[in-house]
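Novice: As they're listed, the protein sequences go chains W and X.
For what it's worth, the numbering used here labels the leading residue of the first sequence as 132, then goes sequentially.
For what it's worth, the numbering used here labels the leading residue of the second sequence as 188, then goes sequentially.
Positions of the beta carbon are idealized from the N, C-alpha and C atoms, including for glycine.
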Amino acid sequence: MSGFAGRAGARLTGRRLAVLVIASMIACALVAVLAPMIGVTPNRTGWHLDLIGPSALAPGSLDHAILMVRLPRVLASLVTGAALAGAGCALQALLRNPLAEPFTLGISSGASLGAVLAIRFGAERLLGEGGVGLGALAGAVATLVAIWRLAQVGRQLPAVTLILAGVAISMFCAAATVLVQYTSDFSDVEHMLGWMMGGLDAVRLGWVELATPPIVGGLAVLALYGKEMNALAAGTEAAASVGVAVGRTQLVLFGVSSLLVGSAIAVVGPIGFIGLVVPHALRSLVGADHRALVVTSAFGGAIVLAICDTLARTIIPSNHLPTGAVTAVLGVPFFFAILVANKRGVA
Amino acid sequence: MWLELTTVDVALGGRTIVRGASGKVSAGELVVIVGPNGAGKTTLIRALAGLVPVAAGAVRCFGRDPRTADRRALAADLAYLPQNYALAFPFRVEDVVLLGRYARQKGLGLASADDLAVARAAMAACDVAELTDRRFDELSGGEARRVILAQAMCQGARCLLLDEPTAGLDPAHARGVFARLRDHCDGGGAAVVVTHDLDLALRYGSAMWLVANGALAAKGPPRDVLASAATRAAFQLEIHLGTLPDGQPFAVPV
């Protein structure tokens, strides 16, 4: 009935939280070291696995050059994966809906519209190659403000109103995106479609450097709001009754989540699904307690997106697949598996 | 005076639900609110908790307006048990009870030894100690009700506002809840309880408010209110009041 599998787990103690965080960090570090080592190169007979070793750390070597090509996208996938999954977890708590994620609110549609407009009106010629990312960030923030204004009834924010506002904004942005594409040059449209598929091919180290401080800072804030998210799981009135400053908490969680999603999308495009599946899967592993769930989701999102991106650039050697498509193709069956397991597992 | 309503009107969705309600609750009192379905009992208790805006009149909780007061500070004085309580995620029973300690926690909010001791005492008092590690969403209705009551009690508030705390409870547990509330009030606390259990309301209440069509139609000692013409008119029933062989009063609708 409840849709969640697994045991209830145990009470979260400082020691348990420390174990979870350290284990997540170790797993994340392993992926961060291994992912840039793995690559493929096409050759006459097909392709071969192109592993680079410790020699890559020596500047001037060929391996070092390869590492420098792979490193930005691995770092980008780690940072944006953490942002998307952490924000997904916070938005699920905020909306009291385990199926909510950054995209449910229309933030990514707004970001896509922003990016498409930036391409249409030549932002790259004006602002350099980060222009599209800036357009996406502006779109995400504009969407946030619009949803906030639309959904605000009184001092609090009913979850249903928020979801409806998100749906309405998504539809509006999708339609507007089509209109912009319809009136654009063919080459621009190709660029737009490439961006909207979500890929890390064009990621620059500089973008990662720009996006990392807000993402790390935002995740740190979310980690401190675990107890508020727990209280909000019972609804705004119940949360207010135990002492939560509901309006302020909602503003912080919504604002930080949007900053995280906006920064992530600006770097890697609209990669869906990480924010939905990672918190959902971890909930059955570490329990529902957001004090542990937010942190483990962030690390889990980093790990999952880094693995997906590594697959995206190695499955077909001659062609890098769009990472967003890989996360969806791999993630959807996984998601169904969770749903089926829950149906069987929960009496 | 702990709680004070002064000619309060509450309108929700353009409809006036509560009109002209005035009343006071002070230390040691166990006020029971009775009335037919849809009379405005829940809206009245939510107005006391500062959870709905007041269209006219004033609500005072420990000298503050609960709508504008800092919720964390208010939580030390006032605990509220809603009629419906649903969690969006599969929390453990103990975690749900510990949510009541929110206002006393800082930082990450991991439970302190003190939090745990208070939560365990509240769980023992509500007879849910053996449910500690169960999932809240898998409990029966009555069990879930007792868990939420334990949460409200472990908040440590002086005044408890409880909306139908005994709904779905078996007779022994329902009686146990009122006995705990009586203890709380005898120990210097206060409670306002919405209930349909007229018999328990008569036995344990120190004052009764009858709500009919949004207005406080009668106030006074439970025995007098239950025997009044206003109660008969509101429920369209006669309430038979009697005395058991051991001297305890009882109330039965006839």
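1. Mapping the DSSP letters down to three states, classify M188/X as helix, strand or coil.
2. Helix, strand or coil for C346/X per DSSP?
3. Have a look at A351/W and G357/W and give me their C-alpha separation to the nearest angstrom.
4. I want to verify the contact list: residues of chain W whose CB lies under 9 angstroms from the CB of R157/X, in sequence order.
5. Are the C-beta of P269/X and some C-beta of chain W separated by less than 9 angstroms?
6. Could you compute how far the alpha carbon of A354/X sits from the alpha carbon of V383/W?
7. Do G170/W and R147/W have their C-beta atoms closer together than 9 angstroms?
8. Just to make sure I have the definition right: I need the residues of chain X whose C-beta is within less than 8 angstroms of the C-beta of L355/W. Which are they?
9. Hey, P203/W and R335/W: beta-carbon distance below 9 angstroms or not?
10. At the 9 angstroms Cβ level, is A365/W part of the contact set with chain X, yes or no?
11. Against chain W, does A399/X count as a neighbour if the rule is that its beta carbon must be under 9 angstroms from one of theirs?
12. Please report the straight-line C-alpha distance between H322/W and M199/W, rounded to a whole angstrom.
13. Are the CB atoms of V425/W and L353/W nearer to each other than 9 angstroms?
14. Cα separation between V320/W and L363/W?
15. Assuming the contact rule is C-beta atoms closer than 8 angstroms, P269/X and E368/W should be a hit. Round their C-beta distance to whole Å, please.
16. Please name the residue in V246/X, D257/X, A311/X, A438/X whose C-alpha comes closest to that of E425/X.
17. For S372/W, decide whether its Cβ has a neighbour in chain X, counting only Cβ atoms nearer than 9 angstroms.
18. Enumerate in chain order the residues of its own chain whose CB-to-CB distance from V205/W is below 8 angstroms, with the five nearest sequence positions on each side excluded.
19. A207/W and G219/W: beta carbons closer than 9 angstroms?
20. Go ahead and pull the three-state DSSP assignment for D196/X.
21. For G375/X, count neighbouring C-beta atoms within 10 Å of its own C-beta (all shown protein chains included) and say buried if the count is 16 or more, exposed if not.
22. Need the endpoints of the alpha helix (DSSP H) that V315/X sits in, please.
23. Within 9 angstroms of any Cβ in chain X, is that where the Cβ of V387/W sits?
24. Which value, in whole angstroms, describes the spacing of the CA atoms of L231/X and V241/X?
25. So with Cβ pairs under 9 angstroms, would you call L285/X a contact of chain W?
26. Can you tell me whether D386/X is buried or exposed, with buried defined as 16 or more other CB within 10 angstroms of its CB?
27. Roughly how many angstroms lie between the CA atoms of I402/W and V334/X, to the nearest whole one?
28. DSSP beta-bridge partners for K211/X?
Specialist: According to the structure shown:
1. The answer is coil: DSSP assigns M188/X none of H, G, I, E or B.
2. Residue state, collapsed to three classes: strand.
3. Roughly 11 angstroms separates the two Cα atoms.
4. The shown model of chain X, from 188 to 441, leaves out residue 157/X, and the question about it has no answer.
5. True, the Cβ-Cβ gap to chain W drops below 9 angstroms.
6. Looking at the two C-alpha atoms, the distance is approximately 36 angstroms.
7. Taking a C-beta distance under 9 angstroms as the contact criterion, G170/W and R147/W do not qualify as a contact pair.
8. Those within 8 angstroms of L355/W in chain X are G294, L295.
9. With respect to the 9 angstroms criterion, P203/W and R335/W are classified as neighbours on the basis of their beta carbons.
10. It does; some Cβ of chain X falls within 9 angstroms.
11. So, not an interface residue.
12. So the two alpha carbons sit approximately 25 angstroms from each other.
13. A distance below 9 angstroms separates the beta carbons of V425/W and L353/W.
14. Answer to the nearest angstrom: the Cα atoms are 42 angstroms apart.
15. About 6 angstroms; that satisfies the 8 angstroms criterion.
16. Taking each of V246/X, D257/X, A311/X, A438/X in turn and checking the Cα distance to E425/X, the smallest one comes out for A438/X.
17. Yes, S372/W lies at the interface with chain X (some Cβ there is under 9 angstroms from its Cβ).
18. Here the set comprises A163, A166, P167, A437, D440, T441.
19. Pairing A207/W with G219/W gives a Cβ-Cβ distance that is not under 9 angstroms.
20. Strand, per DSSP.
21. Burial state of G375/X is exposed, judged by a 10 Å Cβ sphere holding fewer than 16 other Cβ atoms.
22. Segment: none, V315/X is in no alpha helix (DSSP H) and carries neither H nor E.
23. Closer than 9 angstroms: no.
24. Here the C-alpha atom of L231/X lies approximately 10 angstroms from the C-alpha atom of V241/X.
25. Yes - at least one Cβ of chain W is within 9 angstroms of the one on L285/X.
26. Answer is buried; the Cβ neighbour count reaches 16.
27. Those two C-alpha atoms are separated by around 41 angstroms.
28. K211/X is bridged to E191/X.
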